[in-house]
Amino acid sequence: MAGELLLDTGALVSLLDRSQNNHRKFVQFFAGWDGPVVSTEAVLTEATHLLGGLHAGRQACVDFFLSGGALLVPATTASLRRSRELLGQYSDLPMDYADATLVVLAEELGTNLVFTTDRRDFAVYRTRTRRSFEFLPRH
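Going by my numbering, the residue at position 46 of the sequence shown is 132; the numbering climbs one at a time, nothing skipped.
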């Protein structure tokens, strides 16, 4: 399977928190994935907040990126502008900023592969070229 895998907050939390329902399945999938994995600073921020209740949870989240678990792609002025457009376009959901950054990253990289627990919203989102997202792992 070609293309970068977009890592969303729920999947990252599930990978790092053993109490999550998807933990085993996601760890097994992730261990078998051999392609590039990318995410955004917004996802890192959300995940560190959500893992704050776990002993060393915030550090584990940062360590995940530092150890090469995923490439952290910083925002640019252009990506921030596009994220703002998407927040308006999907205000009825509402779309959160982390999701917007992943849609923008998908557009920039030409990928539609997303590792997420948020299938409901990502089933609605489309890239600028109207491309839908493919969920991994598949059910």
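Here a beta-carbon is modelled for each residue, glycine too, at the ideal position from N, C-alpha and C.
Answer with buried or exposed for residue i, where buried requires no fewer than 16 other C-beta atoms within 10 angstroms of its C-beta.
i, result
"Asp185", "buried"
"Leu237", "The question about residue 237 has no answer, for the chain in this structure spans 87 to 225."
"Thr197", "buried"
"Thr215", "exposed"
"Asp120", "exposed"
"Thr149", "Per the sequence shown, residue 149 should be read as Asp rather than Thr. Per the 10 Å Cβ criterion, exposed."
"Val210", "exposed"
"Asp94", "buried"
"Ala156", "buried"
Keeping to the same chain, check which residues put their C-beta closer than 6 Å to that of residue i; ignore five residues upstream and five downstream.
i, result
"Leu195", "Glu90"
"Leu98", "Ala133"
"Leu173", "Met181, Ala186"
"Ala146", "Leu102"
"Phe115", "Pro223"
"Val189", "Leu172, Tyr211"
"Ser169", "Ala186, Thr187, Val190"
"Glu193", "Thr213, Arg214"
"Phe151", "Leu158"
Identify, in the order they occur along the chain, each residue of the same chain with its Cβ nearer than 7 Å to the Cβ of residue i, setting aside the five sequence neighbours on each side.
i, result
"Arg212", "Ser218"
"Ser100", "Gln106, Asn108, His109, Phe112, Thr203"
"Pro160", "Glu127"
"Gly96", "Thr202, Thr203, Asp204"
"Met87", "Low per-residue confidence applies at Met87: pLDDT is 39, beneath 50, and the placement is therefore not dependable, though the value from the model is reported in the following sentence. Within the same chain, Met87 has close Cβ partners Gly121."
For residue i, which of the options has the nearest alpha-carbon?
i, options, result
"Arg144", "Thr131, Gln106, Ala161, Phe201", "Thr131"
"Thr187", "Arg206, Glu220, Val124", "Val124"
"Leu92", "Leu191, Arg170, Arg104", "Leu191"
"Gly138", "Gly118, Gln114, Leu102", "Leu102"
"Arg104", "Tyr183, Ala117, Leu140, Tyr176", "Leu140"
"Gln175", "Ala117, Asp207, Ala142", "Asp207"
"Tyr183", "Val129, Thr162, Gly154", "Val129"
Compare the C-beta of residue i with all C-beta atoms of chain C and state if any pair is closer than 9 Å.
i, result
"Gly155", "This model lacks chain C altogether; it includes just one protein chain."
Output needed for residue i: all residues of its chain with C-beta closer than 8 Å, excluding positions within five of it in sequence on either side, in chain order.
i, result
"Glu220", "Asn198, Leu199, Val200"
Considering only DSSP beta bridges, list what residue i is partnered with.
i, result
"Glu220", "Leu199"
"Thr126", "Val159"
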